[in-house]
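Peer 1: Numbering (the numbering used here), first residue to last: 459 to 726.
This is the structure we're talking about:
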């Protein structure tokens, strides 16, 4: 009986940015829990591969290429999902990423606005489009993927940190507005998650990621699979009385970071 609370059979989910990395891991995990999953990103070949992997494992998936920064495309994504499957139960806003490092004094307005559109505006558009379906249903779970950067300042990444901090407060505000309709809005704050993007960054800044690793009590970087459990929890009836919350999936990194910022090795 208890495990049935986590069952997502007959639920329909959209996962944005699900062609690779965190989004792909979440899409595969939701499908394993029984959900029908619509996978989307701007890269058709990647989302088709994710959808094929879900189908090969016996799940149901549909790939719809979408630019989450385009309101019309976001609306079409949700409408196509409802036309195909009759409803929308779960919306995971994962699209986004870091556009690089730049000292604040040198950061262009174009890079500032572009980063906010990619990370924050895209999530808002996803929330808004999903809620237009979920509110009449009187049921739905929206999950926004934020970042440890929302609470841990990172010099050179003011644009990214601001966008991810925006995810946190947007999540809480929408939870207040839509709770009366039984639409829950929560966030997940990943720490350092090993993906192809992180691997590329590691080649450029190995000392930064080695530093983070020494600061992490669990002694390793995360993987996309590490986000699956909390996502299933938030998508399922197991979290029926949870809204406006942000869940850290970071290996405990902020705990040590708050104790020693100068020399993490001395902490051990």
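We treat Cβ as the ideally placed atom computed from N, Cα and C, and that holds for glycine.
Nothing here was measured: the structure is a model prediction, and the numbers come from that model.
(1) Quick one: residues in its chain with C-beta nearer than 7 Å to the C-beta of residue 561, no 5 flanking neighbours on either side, listed in chain order?
(2) State the Cα-Cα distance for the pair residue 594 and residue 662, rounded to the nearest angstrom.
(3) Within a Cβ cutoff of 7 Å, which residues of the same chain sit near residue 504, ignoring the five residues on either side of it in sequence?
(4) Please list the terminal residues of the continuous alpha helix (DSSP H) segment that includes residue 663.
(5) For residue 577, does the three-state DSSP call read helix, strand or coil?
(6) What residue range is occupied by the uninterrupted alpha helix (DSSP H) comprising residue 691?
(7) Do residue 495 and residue 488 count as a contact pair if the criterion is CB distance below 7 Å?
(8) With respect to the alpha helix (DSSP H) encompassing residue 631, which residues constitute its N-terminal and C-terminal limits?
(9) Figure out for me which residue from 602, 543, 515 has the closest Cα to the Cα of residue 551.
(10) Mark residue 472 as exposed unless 16 or more other C-beta atoms lie within 10 angstroms of its C-beta, in which case mark it buried.
(11) Please tell me whether residue 546 and residue 591 are closer than 7 Å, where the distance is taken between their beta carbons.
(12) Between 584, 694, 502, which has its C-alpha nearest residue 493's C-alpha?
(13) For residue 469, report the span of its alpha helix (DSSP H) as first-last.
(14) In the DSSP assignment, what residue or residues form a beta bridge with residue 598?
(15) Can you tell me which of the three DSSP states residue 567 falls into?
(16) Check whether the Cβ atoms of residue 728 and residue 700 lie closer than 7 Å to each other.
(17) Got a sec? Which residues, its chain only, sit under 7 Å from residue 573 by beta carbon, not counting five neighbours each side?
Peer 2: Checking against the coordinates, here is how it stands:
(1) 614
(2) 48 Å
(3) 477, 478
(4) Per DSSP, residue 663 belongs to no alpha helix (DSSP H) and is neither H nor E.
(5) helix
(6) 686-693
(7) yes
(8) 616-636
(9) 602
(10) buried
(11) yes
(12) 694
(13) First-last for residue 469: undefined, no H or E at that position.
(14) 641
(15) helix
(16) Given a span of 459 to 726 for the chain in the structure shown, any question on residue 728 remains unanswerable.
(17) 557, 617, 618, 621
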